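Chemist: Taken in sequence, the protein lines are chains A and B.
Position 41 of the first sequence, counted from 1, bears residue number 637 in the working numbering, the numbering being contiguous throughout.
Position 65 of the second sequence, counted from 1, bears residue number 198 in the working numbering, the numbering being contiguous throughout.
Sharing a structure here in structure tokens format.
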Amino acid sequence: MEKGPANPEVKEKVLAYLDTVEKAKSKEIAAKISVPKADVDLAVKELAMEDKVEYLYITTTFVALKGKVKPPQ
Amino acid sequence: MPDKKTPKLDELEHGPWPSFVTEIKKAAVRNESAKDLLNLLERSYDDKRGHWKHGGIVGVRGYGGGVIGRYTDLPEEYPHVAEFHTMRVNAPSAWFYKTETLRTLCDIWEKHGSGLTNVHGSTGDLIFLGMKTEELQTTYDELSDAGFDLGGSGSCLRSPSCCVGPARCESACYDTLDVCYDLTSSYQDELHRPMWPYKFKFKMSGCANDCVAAIARADCSIIGTWRDSIRIDQDQVKAYAESGLDIQGMVCDKCPTRALKYDHEKKELHVIAEDCSRCMHCINVMPKAVRPGKEKGATILLGGKSTIVQSAFLSWVIVPFMKMEPPYTELKEMVAKIWDWWDENGKTRERLGELIYRMGMTKFLREVGLPPVPQMVFRPRANPYVFWPQDEIVK
Chain A
597 MEKGPANPEV KEKVLAYLDT VEKAKSKEIA AKISVPKADV DLAVKELAME DKVEYLYITT
657 TFVALKGKVK PPQ
Chain B
134 MPDKKTPKLD ELEHGPWPSF VTEIKKAAVR NESAKDLLNL LERSYDDKRG HWKHGGIVGV
194 RGYGGGVIGR YTDLPEEYPH VAEFHTMRVN APSAWFYKTE TLRTLCDIWE KHGSGLTNVH
254 GSTGDLIFLG MKTEELQTTY DELSDAGFDL GGSGSCLRSP SCCVGPARCE SACYDTLDVC
314 YDLTSSYQDE LHRPMWPYKF KFKMSGCAND CVAAIARADC SIIGTWRDSI RIDQDQVKAY
374 AESGLDIQGM VCDKCPTRAL KYDHEKKELH VIAEDCSRCM HCINVMPKAV RPGKEKGATI
434 LLGGKSTIVQ SAFLSWVIVP FMKMEPPYTE LKEMVAKIWD WWDENGKTRE RLGELIYRMG
494 MTKFLREVGL PPVPQMVFRP RANPYVFWPQ DEIVK
């Protein structure tokens, strides 16, 4: 489904929030930055394409800043 | 072959059935990671514990699903499986491949990974087993150039899968292959960018025989059915009777709703259409004599899953009959409302069926705007849901 481009302000807010935590679910990010979750999903999609965030699977999928969470040792 | 002896694994090669140990040993002749895999597995059997760590952050750029990180907790002893990631390749509808395509996939995989595959296991994807992190992006790039894409993993839409449908089955009541392809194409974001409480699966079966076991495995099962009555060819009924088939015993007496009547003298079969539950039994036993009706479509069911937060669930009927014609707008509009509700209310790792179970079918139906109908039963023909909210009861 075509959803259009993400809002640049939302992308900045997502990055700013992720900077304060290790990892987060999109729903949690949306609640914390007071933005509709669909907008956060779109922002995360673009940020992942830009290699600024990455998806992290630990029993469920989280989002984290690229490189912030290290692989298991 | 493995460097060390593997007596426990060798036991799994005995007997007449195929052995995954035999197949891994073949791969181990020319692949170090397959060799380490055998040795590590033998070690796990010795230690009585697994030596794998699951999950992580491996993936290809822009994708949140399709790659599952696997690492051993004994990397110094088994360096070739220190990283042994799994890549899911989205399969074509009903798993039809040309030989040339399979060769292309295998060539890519032998070049970049262990060469071991799990072709269409429980996920429905074609799975590559055992890849180093550094090979992920190049493998994906080559797959993409060959016309393939990754499948789903994590908290996203998993790769839709379907039965062979009208490609090879006369019982198919709708084009399962087209629905599978259409949903896969329509929901690329949902498939590749995990955004939900947990996974969501579509499975399409062309009839109630449910060859992909959708009812037990899919959050949304789309199972072919018909709205009118079965069609009976009385000449073929006579032919079955004359060939010795016990139509009364094997067909009528096994009809779960006793909707079939057999006239022994005339050798004719009749159906009480309003009692027929469209289970496919009579059609399976007498396929030349009994066919599905003409007005075909699908029943939509929700909530099937294996044990996670709650025990295993079979799906519930949500829409008894829906026409399945491109572009499947009615289905997609309903799915969008259901996803929004689940995303809004679901806890982390809570499947749709578990959420409906926790919050109640009444609340679910009201909030997604679906009408309650008699076919929505918890157990078939036993426990219909009753929708009498307190505020509507006149005392």
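Each residue gets a CB set at the ideal place from its N, CA and C atoms; glycine is no exception.
Keep in mind that this is a model prediction, so the values were computed, not measured.
Residue ranges of each beta strand (DSSP E) run of no fewer than 3 residues wholly in the region 173 to 254 of chain B, ordered along the chain?
Modeler: Entirely contained in the region 173 to 254 of chain B, the beta strand (DSSP E) runs reaching 3 residues are, in chain order, 185 to 187, 203 to 205, 218 to 222, 249 to 252.
Chemist: What three-state label does DSSP hand residue 353 of chain B in the structure shown?
Modeler: Residue 353 of chain B falls in the strand class under three-state DSSP.
Chemist: Less than 8 Å separating the beta-carbons of residue 384 of chain B and residue 419 of chain B?
Modeler: Closer than 8 Å, so yes.
Chemist: Going by beta carbon distance, what residues of the same chain come within less than 7 Å of residue 252 of chain B, once the five residues before and after it are set aside?
Modeler: Only 259 meet the Cβ criterion.
Chemist: If we ignore side chains and look at the alpha-carbon of each, how far apart do residue 372 of chain B and residue 401 of chain B end up?
Modeler: Approximately 10 Å between the Cα atoms of the pair.
Chemist: Tell me, which residues are paired with residue 295 of chain B by DSSP?
Modeler: B:337, per the DSSP bridge assignment.
Chemist: Counting only beta-carbon atoms, is residue 328 of chain B nearer than 8 Å to chain A?
Modeler: Yes, its Cβ sits closer than 8 Å to a Cβ of chain A.
Chemist: Tell whether a beta-carbon distance below 8 Å holds between residue 307 of chain B and residue 429 of chain B.
Modeler: Yes, they are a contact pair.
Chemist: With DSSP run on the structure shown, which of helix, strand or coil describes residue 620 of chain A?
Modeler: In the structure shown, residue 620 of chain A sits in a strand (DSSP, three-state: E or B).
Chemist: Beta-carbon of residue 640 of chain A versus every beta-carbon of chain B: anything under 8 Å?
Modeler: Yes, residue 640 of chain A counts as interfacial toward chain B.
Chemist: Within 10 angstroms of the Cβ of residue 214 of chain B, are there 16 or more other Cβ atoms? Answer buried if so, exposed if not.
Modeler: Burial call: buried.
Chemist: Output yes if chain A places a C-beta closer than 8 Å to the C-beta of residue 195 of chain B; else output no.
Modeler: With 8 Å as the cut-off, residue 195 of chain B counts as an interface residue toward chain A.
Chemist: With a threshold of 8 Å, are at least 3 pairs of Cβ atoms found where one atom belongs to the region 472 to 482 of chain B and the other to the region 329 to 336 of chain B?
Modeler: Yes: at least three Cβ pairs fall under 8 Å.
Chemist: Within 8 Å (strictly less), CB to CB, does residue 650 of chain A reach chain B?
Modeler: Judged by the 8 Å Cβ criterion, residue 650 of chain A is in contact with chain B.
Chemist: Suppose the cutoff is 6 Å on Cβ atoms and the five residues either side in sequence are ignored; what does the same chain contact list for residue 263 of chain B look like?
Modeler: Once the five neighbours on either side are set aside, the close Cβ partners of residue 263 of chain B are 166, 217, 246, 247, 249.
Chemist: I want to verify the contact list: residues of chain B whose CB lies under 8 Å from the CB of residue 622 of chain A, in sequence order.
Modeler: Near residue 622 of chain A (Cβ distances below 8 Å), the residues of chain B are 328.
Chemist: Measure from the C-beta of residue 289 of chain B to each C-beta in chain A and report whether the shortest distance is under 8 Å.
Modeler: Yes, because at least one Cβ of chain A sits closer than 8 Å to the Cβ of residue 289 of chain B.
Chemist: Could you name the residues that DSSP lists as bridge partners for residue 660 of chain A?
Modeler: Paired residue(s): A:650.
Chemist: To test your reading of the DSSP string, which unbroken beta strand (DSSP E) runs of 3 or more residues are found completely within the region 366 to 420 of chain B?
Modeler: Listed in chain order, the complete beta strand (DSSP E) runs (minimum 3 residues) inside the region 366 to 420 of chain B are 393 to 396, 401 to 404.
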